[in-house]
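If you read the protein sequences in the order shown, they are chains B, X and P.
At position 36 of the first sequence the residue is numbered 47 (the working numbering), and the sequence of numbers has no breaks.
At position 64 of the second sequence the residue is numbered 113 (the working numbering), and the sequence of numbers has no breaks.
At position 255 of the third sequence the residue is numbered 257 (the working numbering), and the sequence of numbers has no breaks.
For reference, the structure discussed in these notes is given below.
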Amino acid sequence: MNSVILQIAARYIKALLVLFAMIALLRGHNYPGGGFIGGLLAALSVIYYGFAFNVRQVREKLKVNPATYIAIGLFLVVLSFIPSILNQLELMQGVWLKVQIPVLGELKLGTPFLFDMGVFLTVIGVTFLFFFSLTKVE
Amino acid sequence: MEILLAILVGILYTAGVYMILRRSIVKFIIGIIFLSNATNLLVFLASGVVSGKPVFVGEEPANASQMADPLPQALVLTAIVIGFGIVVFTLALKYKFFELTGTDDLDQLKKTDN
Amino acid sequence: MTITALPILIPFVLIIILIISRSLVFSKITSIVGSFGLLILSMIIFYKVNKLGFLVLNMAGWKSPYGITLVIDFMSSLMLMVSSVIVFAIAIYAYRSLNEEKQVTKFYVFFFSLIMGVNGAFITGDVFNLYVWFEVMLISSFVLITFGKSKEQLEGGIKYLALNLLGSLFFLAGLGLLYGKTGTLNMAHLADILRNDHQAILMNTSAILFFIAFGIKAAVFPLFFWLPASYHTANITISSLFAGLLTKVGVYAFIRFFTLFFVHDQAFWHQFLLIIAGFTMIIGGMSASVHYDTRKILSYHIISQIGYMIMGLGIYTPLAIAGAIFFTIHNMIAKTNTFIVAGLIYKLKGSFYLKDVGGIIKQNPVLAILFVIPAFALAGVPPISGFFAKFILIKASIDDSHFVIAIIAVLTALLTLYSMIKIWNEAFLKKQPDNEFSGQNTSLSFLDMLPSIILGTISILMGIFAFKVFDFTMQAADQLIEGTSYINNVLNR
Numbered sequence: 012m013n014s015v016i017l018q019i020a021a022r023y024i025k026a027l028l029v030l031f032a033m034i035a036l037l038r039g040h041n042y043p044g045g046g047f048i049g050g051l052l053a054a055l056s057v058i059y060y061g062f063a064f065n066v067r068q069v070r071e072k073l074k075v076n077p078a079t080y081i082a083i084g085l086f087l088v089v090l091s092f093i094p095s096i097l098n099q100l101e102l103m104q105g106v107w108l109k110v111q112i113p114v115l116g117e118l119k120l121g122t123p124f125l126f127d128m129g130v131f132l133t134v135i136g137v138t139f140l141f142f143f144s145l146t147k148v149e
Numbered sequence: 050m051e052i053l054l055a056i057l058v059g060i061l062y063t064a065g066v067y068m069i070l071r072r073s074i075v076k077f078i079i080g081i082i083f084l085s086n087a088t089n090l091l092v093f094l095a096s097g098v099v100s101g102k103p104v105f106v107g108e109e110p111a112n113a114s115q116m117a118d119p120l121p122q123a124l125v126l127t128a129i130v131i132g133f134g135i136v137v138f139t140l141a142l143k144y145k146f147f148e149l150t151g152t153d154d155l156d157q158l159k160k161t162d163n
Numbered sequence: 003m004t005i006t007a008l009p010i011l012i013p014f015v016l017i018i019i020l021i022i023s024r025s026l027v028f029s030k031i032t033s034i035v036g037s038f039g040l041l042i043l044s045m046i047i048f049y050k051v052n053k054l055g056f057l058v059l060n061m062a063g064w065k066s067p068y069g070i071t072l073v074i075d076f077m078s079s080l081m082l083m084v085s086s087v088i089v090f091a092i093a094i095y096a097y098r099s100l101n102e103e104k105q106v107t108k109f110y111v112f113f114f115s116l117i118m119g120v121n122g123a124f125i126t127g128d129v130f131n132l133y134v135w136f137e138v139m140l141i142s143s144f145v146l147i148t149f150g151k152s153k154e155q156l157e158g159g160i161k162y163l164a165l166n167l168l169g170s171l172f173f174l175a176g177l178g179l180l181y182g183k184t185g186t187l188n189m190a191h192l193a194d195i196l197r198n199d200h201q202a203i204l205m206n207t208s209a210i211l212f213f214i215a216f217g218i219k220a221a222v223f224p225l226f227f228w229l230p231a232s233y234h235t236a237n238i239t240i241s242s243l244f245a246g247l248l249t250k251v252g253v254y255a256f257i258r259f260f261t262l263f264f265v266h267d268q269a270f271w272h273q274f275l276l277i278i279a280g281f282t283m284i285i286g287g288m289s290a291s292v293h294y295d296t297r298k299i300l301s302y303h304i305i306s307q308i309g310y311m312i313m314g315l316g317i318y319t320p321l322a323i324a325g326a327i328f329f330t331i332h333n334m335i336a337k338t339n340t341f342i343v344a345g346l347i348y349k350l351k352g353s354f355y356l357k358d359v360g361g362i363i364k365q366n367p368v369l370a371i372l373f374v375i376p377a378f379a380l381a382g383v384p385p386i387s388g389f390f391a392k393f394i395l396i397k398a399s400i401d402d403s404h405f406v407i408a409i410i411a412v413l414t415a416l417l418t419l420y421s422m423i424k425i426w427n428e429a430f431l432k433k434q435p436d437n438e439f440s441g442q443n444t445s446l447s448f449l450d451m452l453p454s455i456i457l458g459t460i461s462i463l464m465g466i467f468a469f470k471v472f473d474f475t476m477q478a479a480d481q482l483i484e485g486t487s488y489i490n491n492v493l494n495r
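Quick look at the structure:
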């Protein structure tokens, strides 16, 4: 496909989609959104770019192997189990850490976010894998 | 609302069964997509439809029974994700098969039966 | 109790390691060490269940009817242990047998995700969670069955995928209707509701959908066609794994559902299950006897032996359920072993087709002994495990005066014996015919035969210590039929 309109649009939409993916990921704990949807959106930005330009180029620019994304994502998921085990809670029970940031106020970091982050990366990896294997680049 | 959805489930099942009985593999995959969507809707429908009262969002109503049940939504979401994975795998399999044999005809698949 | 979740977590961690592994030898050794760890873990779990009765884990601290619960009772722990033995044997077998194919490292990733699915299905206490584990298992098995990407494998893969996919859709539909009617998907809660409430007609719609779903997974009579069309196409290592594990997860789900909460309308269901069991046995056995491809004979045997397990469920006395569980664990081990031996014959001779091969008894007498053990176990010759499994089932059916099914069971045992003797005569006794395979002179090393030796030893030990195994299965069956202790333990009353 070689459409100028699509190519120019892809440049802007790529950034917007990544931003949107981050918003979906971060608000996922209490509102619609979360790791899966965020991951799909983030992967979509690259896939859109691939459609507009050249899938092979995109694959080369990406450098990281999709399987590595999956491995890191799954590793984060396992990591999110560890605090609950160390604190003698039931497996996967949320553990929260409150961090004071000078200007912005209190930040609550918890294992559910780590879990979501893991899902996010896994979904990105899986979607890349789907895309590259269906377009015969891998 | 329930009646409409029930009719939709019926139509989707009919279309799905019709499509998986066709000879082409692509049509078979389309049939699978119809069937899995029909099943997702069925799960959603069977556990009761409440319109406009999502849980966890906005203020909580006084009576819990007025809220929508979040569990079937979670179930359907999971089922959709699984369905997504399976459909992509089926497409990749079909692609590979077409590359090797050059046929889209299910009637050609007779070699492994006996 | 975090140990309850470890049968899922260990394969999960292994998957992560294997995804990033680039070296084949590293993957192979990791898989052997990992599966040995699983075996040890399953033994610890078995010991703990033996002492405590139940292991219950409420995931993320959500109390039982609301969250996802993992429950290990006696039957789950038995199944976990047997499946770990098989996984260990296959991991050793794969060390020698998988070399030529491309991307062997990928095999191990899906190998362990399959095991994660199987273990998850054994220990979950939630119907939807069971569906998810079934899907994990299925998706990995889709990848594994098309592993070599030859024409035949893709064709078998399409058939396997099509029917199993329909099975999962039936499962999902049944589950949705069940949730709509009861408002819960926790198995213990379901049992609590359904055992005290007899709305038989409404429940039957869900039950029949579940029957079709599990029937497809377990390959019972009218729903088994995917199995003989696909199992023989896959790589023999993968076929032996599937033969031991996949259909038995379907049987496990059958036993779990139809003893724990689908206990309404017993007159219809037990009669129905017995009829299905009879047809499954006889048709599987007869189809096996006309084939000359080792893998096809063994594939049809899987079907005929599923019949015995369903028969135990259909009779529904504690003795019969114990027999069904005994038969399941015996069959998982013996069946995997026969497939492994078939793979060894292929390695020795270069063909699975019985007319092409012969004279193995002279060439490799050890292999002959290794074949005889699981073959006798399957056919039910006294000192080995299969005899006792069949004996318990037939005794239970006669005790409960189901004479027809008892006769069918005996006849099927004879058919099994016939097929096993056929393999024996053709592959081992007969002289090697003059063809392109006669020049083959590969020898088998000890490591090749080690998995078969392990499984064969277990089969013999299960025969010698049959009373001990029977005690365990009886305990499991009592626990299943009684049900209230399961409900009370999970719902924390």
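Note that the Cβ used here is the ideal one computed from N, Cα and C, for glycine as well.
Values in this document were obtained by computation on a predicted structure and should not be read as measured data.
Does the distance from the C-beta atom of residue 146 of chain X to that of residue 144 of chain P stay below 7 Å? no
Any C-beta of chain P under 7 Å from that of residue 160 of chain X: Answer yes: the Cβ-Cβ gap between residue 160 of chain X and chain P drops below 7 Å somewhere.
What does a CB cutoff of less than 7 Å around residue 420 of chain P pick up in its chain, not counting 5 residues either side in sequence? 291
Along chain X, in chain order, which residues have C-beta atoms closer than 9 Å to that of residue 355 of chain P? Chain X residues near residue 355 of chain P: none, gap ~14 Å exceeds 9 Å.
For residue 464 of chain P and residue 222 of chain P, I'd like the C-alpha separation in whole angstroms. 26 Å
Let me see if you follow: with CB-CB separation under 7 Å, is residue 152 of chain X close to chain P or not? no
Distance, residue 120 of chain P Cα to residue 78 of chain P Cα: 11 Å
Can you name the residues of chain X whose CB is closer than 7 Å to the CB of residue 134 of chain P? Result: 127.
Does the distance from the CB of residue 217 of chain P to the CB of residue 225 of chain P come in under 7 Å? yes
For residue 143 of chain B and residue 54 of chain B, which I take to be in contact (beta-carbon distance under 8 Å), what is that distance rounded to the nearest angstrom? Rounded, the Cβ-Cβ distance is 11 Å, inconsistent with contact.
Under three-state DSSP, which class holds residue 295 of chain P? For residue 295 of chain P, the secondary structure class from DSSP, reduced to helix, strand or coil, is strand.
Residue 133 of chain B versus chain P: which residues are under 8 Å apart at the beta carbon? In chain order: nothing, as chain P lies at least about 11 Å away.
Partner residues on chain B for residue 216 of chain X, Cβ-Cβ distance less than 7 Å: Given that chain X is displayed from residue 50 to residue 163, the structure contains no residue 216 of chain X and the question cannot be resolved.
Compile a chain-ordered list of the residues in the stretch 86 to 103 of chain B whose CB is closer than 9 Å to at least one CB of chain P. 86, 88, 89, 92, 95, 96, 100, 101, 102 and 103
What runs of the alpha helix (DSSP H), each 4 residues or longer, lie entirely inside the stretch 285 to 344 of chain P? 296 to 317
Proximal chain B residues relative to residue 61 of chain P, where beta-carbon distance stays under 8 Å: 101, 102 and 103
Assess contact between the stretch 94 to 114 of chain P and the stretch 11 to 23 of chain P, defined as three or more Cβ pairs (one per stretch) separated by less than 8 Å. Is contact present? yes
Just list the residues that DSSP pairs residue 71 of chain P with in beta bridges. P:60
Alpha carbon to alpha carbon, how far is residue 13 of chain P from residue 114 of chain P? Give it in angstroms, no decimals. 5 Å
Could you spell out the range, first to last residue, of the alpha helix (DSSP H) harbouring residue 16 of chain B? 15 to 37
Best match in P:449, P:98, P:363 and P:404 for proximity to residue 434 of chain P [C-alpha to C-alpha]: When the alpha-carbon of residue 434 of chain P is set against those of P:449, P:98, P:363 and P:404, the nearest one is in P:363.
Among X:96, X:83 and X:73, which residue has its Cα nearest to the Cα of residue 57 of chain X? X:83
7 Å CB neighbourhood of residue 62 of chain P in its chain, flanking five on each side removed: 69
In the structure shown, what three-state DSSP assignment does residue 127 of chain P receive? coil
Alpha carbon to alpha carbon, what distance is there between residue 149 of chain P and residue 236 of chain P? Per the coordinates, the alpha-carbon of residue 236 of chain P lies some 7 Å from the alpha-carbon of residue 149 of chain P.
Counting contacts by CB-CB distance shorter than 7 Å, is residue 62 of chain B in contact with chain X? no
What are the residues in the stretch 6 to 18 of chain P lying within 7 Å of chain B by C-beta distance? 7, 14, 15, 17 and 18
Rounded C-beta distance between residue 388 of chain P and residue 379 of chain P? I'm assuming under 8 Å. 4 Å
Proximity below 7 Å, CB of residue 117 of chain P to CB of residue 89 of chain P: yes
Where are the alpha helix (DSSP H) runs, 4 residues long or more, that stay fully inside the stretch 192 to 242 of chain P, in chain order? 202 to 220 and 228 to 232, all fully within the stretch 192 to 242 of chain P.
Quickly, what does DSSP pair residue 122 of chain X with across the bridge? List them, please. Answer is none; residue 122 of chain X lacks a bridge partner.
List the residues of chain B whose Cβ lies closer than 7 Å to the Cβ of residue 1 of chain P, in chain order. Lying before the first or after the last residue shown, residue 1 of chain P is absent from chain P, which here runs from 3 to 495.
Strictly under 7 Å for the Cβ-Cβ distance: is residue 178 of chain P near chain X by that measure? yes
Between P:33, P:453 and P:299, which lies nearest to residue 355 of chain P when the distance is taken from Cα to Cα? P:299
Locate the alpha helix (DSSP H) running through residue 65 of chain X, then write down its first and last residues. 51 to 69
Put residue 446 of chain P into one of helix, strand or coil per three-state DSSP. coil
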